[in-house]
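To start, the structure under review is shown below, and the notes come after it.
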Amino acid sequence: MEEPRRIQKLDVSVVNKIAAGEIIIQPANALKEMLENSIDAQSTHIEILVKEGGLKLLQITDNGTGINLEDLPLLCERFATSKLVKFDDLSSIATYGFRGEALASISHISRLSVITKTKESSVAYKAYYMNGKLCNSNFKGEGQPKPIAGKVGTQIIVEDLFYNIPSRLRGLKSKNDEYGKILDIIGRYAIHCGDVGFCCKKYGDPIQQLNTRPNLPLKERIRTVYGSAIANELLEVDTEYPELGLNKCSGMITNSNYNNKKKIQPVIFINHRLVTCEPLKRAINSVFQFFLPKDSHPFFYISLEITPENLDVNIHPTKREVRFLNEDEIIEIIVNNIHSVLSSVDSSRKFKSQT
Ligand code: ADP
Ligand code: MG
Numbered sequence: 001m002e003e004p005r006r007i008q009k010l011d012v013s014v015v016n017k018i019a020a021g022e023i024i025i026q027p028a029n030a031l032k033e034m035l036e037n038s039i040d041a042q043s044t045h046i047e048i049l050v051k052e053g054g055l056k057l058l059q060i061t062d063n064g065t066g067i068n069l070e071d072l073p074l075l076c077e078r079f080a081t082s083k084l085v086k087f088d089d090l091s092s093i094a095t096y097g098f099r100g101e102a103l104a105s106i107s108h109i110s111r112l113s114v115i116t117k118t119k120e121s122s123v124a125y126k127a128y129y130m131n132g133k134l135c136n137s138n139f140k141g142e143g144q145p146k147p148i149a150g151k152v153g154t155q156i157i158v159e160d161l162f163y164n165i166p167s168r169l170r171g172l173k174s175k176n177d178e179y180g181k182i183l184d185i186i187g188r189y190a191i192h193c194g195d196v197g198f199c200c201k202k203y204g205d206p207i208q209q210l211n212t213r214p215n216l217p218l219k220e221r222i223r224t225v226y227g228s229a230i231a232n233e234l235l236e237v238d239t240e241y242p243e244l245g246l247n248k249c250s251g252m253i254t255n256s257n258y259n260n261k262k263k264i265q266p267v268i269f270i271n272h273r274l275v276t277c278e279p280l281k282r283a284i285n286s287v288f289q290f291f292l293p294k295d296s297h298p299f300f301y302i303s304l305e306i307t308p309e310n311l312d313v314n315i316h317p318t319k320r321e322v323r324f325l326n327e328d329e330i331i332e333i334i335v336n337n338i339h340s341v342l343s344s345v346d347s348s349r350k351f352k353s354q355t
């Protein structure tokens, strides 16, 4: 028999690369993290530029608070964040980020650079990162932020994503598919974040693929992202049940005139986080079965505000899934509300056609 192999601690750089690969699986994951950072920084306008499905270039420019020069050395360090101090803060966290992992991860699997300016600073600074640390403009050796001209806000430039994980690159779908996922994420945030304008362009293509102004009404935002067929058939949802921790449930659903043979993934936000909530999605879809022809699908956008203490946002590395207290009861309340919204228009339509 062979001797047992010795247990050894992994090198930090290996640990970081493994962790990065778990959080950033495809370009859209990196984009989502950066969008959330821009929103956390109180931006009202966010511009996204994409080359080759985000694999060659993913650039996000915002007009948010910017980053202090003194903080730039820590920007891409793992578990360095301006948003969380104690573990208990997690229960009341209002920002998207909290783990300080996103930029660190991205810097381990791409060439990342930043241009940022706060309103107090007279100049902007540009900094380059490799494996969590500042480096020089060739992405080698050591480096320091350099002053340059620029506007208040932050631009994050991610180049050659996954250049050092060839297996990941090979496993990805086509560049067009990756681009589609990026546009999809931006569209969802554009619907939810009404006070932010979003603009997305493909590199070298003057046409804006998506463009929303800040403070457009919800219906118009849905029109911009999903088109008039959906926007013309929307009903409002608005309910609450604070006793169970549901402080607000709002959104829009298509009425029974709209029946699409194609499934459109619903847009679900819980405490302003884009999530997949399978139980809620399934329950809502099943109410629609009473109102829609067989094999046709609705569209819905639902935003829940759950008492923060009742919500666990830290159950998944990508933060895609969340858990909350009284889940079954809350889902039932929402479903009942949607049922009554749909049946009220259904009966008024019957009534109209009779007279
Ligand atoms: P987290 O969002 O969990 O704190 P990140 O790695 O995403 O971790 O970001 C690290 C820190 O960098 C943030 O806490 C924030 O202070 C700063 N930061 C990142 N992106 C921006 C941005 N667009 N504008 C201002 N600050 C930013
Ligand atoms: Mg973040």
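Take the sequence shown: its position 299, counted from the start at 1, is 299 in UniProt numbering, and no numbers get skipped.
Cβ coordinates follow ideal geometry from the N, Cα and C atoms, glycine included.
query                                                                                                                                                           : result
Do ARG221 and ILE270 have their beta-carbon atoms positioned less than 8 Å apart in this structure?                                                             : no
For ILE230, does the three-state DSSP call read helix, strand or coil?                                                                                          : helix
Closest by CA to TYR189, which one among ASP11, LEU31, ARG5 and ARG6?                                                                                           : LEU31
The beta strand (DSSP E) with LEU57 in it runs from where to where?                                                                                             : 57-62
Assign GLY132 to buried or exposed, taking buried as 16 or more other Cβ atoms, counted over all protein chains shown, within 10 Å of its Cβ.                   : buried
Tell me the DSSP secondary structure of residue 356 in three-state form.                                                                                        : Only positions 1 to 355 of the chain appear in the structure, and residue 356 is not among them; the question remains open.
What number of angstroms, rounded off, separates the C-alpha of PRO4 from the C-alpha of TYR129?                                                                : 39 Å
Report the rounded CA-to-CA distance for VAL50 versus ALA127, giving the unit in angstroms.                                                                     : 20 Å
THR61 to GLU47, Cα distance in whole Å?                                                                                                                         : 5 Å
Helix, strand or coil: how does DSSP classify GLU47 here?                                                                                                       : strand
Just to confirm, does ALA19 get its C-beta within under 7 Å of one of the non-hydrogen atoms of the ligand MG?                                                  : no
Specify the secondary structure class of GLY153 as computed by DSSP and reduced to three states.                                                                : strand
In three-state DSSP terms, what is GLY197?                                                                                                                      : strand
Under the three-state reduction of DSSP, which class applies to ASN310: helix, strand or coil?                                                                  : helix
Please classify SER13 as buried or exposed, where buried requires at least 16 neighbouring CB atoms within 10 angstroms.                                        : exposed
Would you identify the three-state DSSP class for GLN354, choosing helix, strand or coil?                                                                       : Any reading at GLN354 must be qualified, since the residue scores a pLDDT of 47, below 50, and its modelled position is unreliable; the value itself is stated next. It is helical.
Since PRO147 sits in a beta bridge, which residues does DSSP pair it with?                                                                                      : TYR125
DSSP on SER296, reduced to helix/strand/coil?                                                                                                                   : coil
Rounded to the nearest angstrom, what separates TYR301 and GLY251 at their Cα positions?                                                                        : 5 Å
Since I believe THR276 is in contact with ILE268 (beta carbons under 8 Å), could you give me their beta-carbon distance rounded to a whole number of angstroms? : 7 Å
Please name the residue in SER256, TYR241 and SER110 whose C-alpha comes closest to that of VAL158.                                                             : SER110
Short check: CB of GLY187 to CB of LEU210, under 8 Å?                                                                                                           : yes
Starting from ILE24, follow its DSSP beta bridges and name the residues at the other end.                                                                       : DSSP lists no partner for ILE24.
On the DSSP bridge list, what partners appear for ILE302?                                                                                                       : GLY251 and ILE268
LYS248 and GLU305: beta carbons closer than 8 Å?                                                                                                                : yes
Alpha carbon to alpha carbon, how far is LYS352 from LEU342?                                                                                                    : Legend: pLDDT at LYS352 = 49, less than 50; position of this residue unreliable, no value from coordinates given.
Does DSSP classify MET130 as helix, strand or coil?                                                                                                             : strand
Cutting at 6 Å between CB atoms, please list the residues of its own chain near GLY150, excluding the five before and the five after it.                        : ILE115, LYS117 and ALA124
Near LEU280, which residues of its chain fall below 6 Å by C-beta distance, leaving aside the five closest residues on each side in sequence?                   : ILE331
Report whether the distance from the Cβ of ASN37 to the nearest heavy atom of the ligand MG is below 7 Å.                                                       : yes
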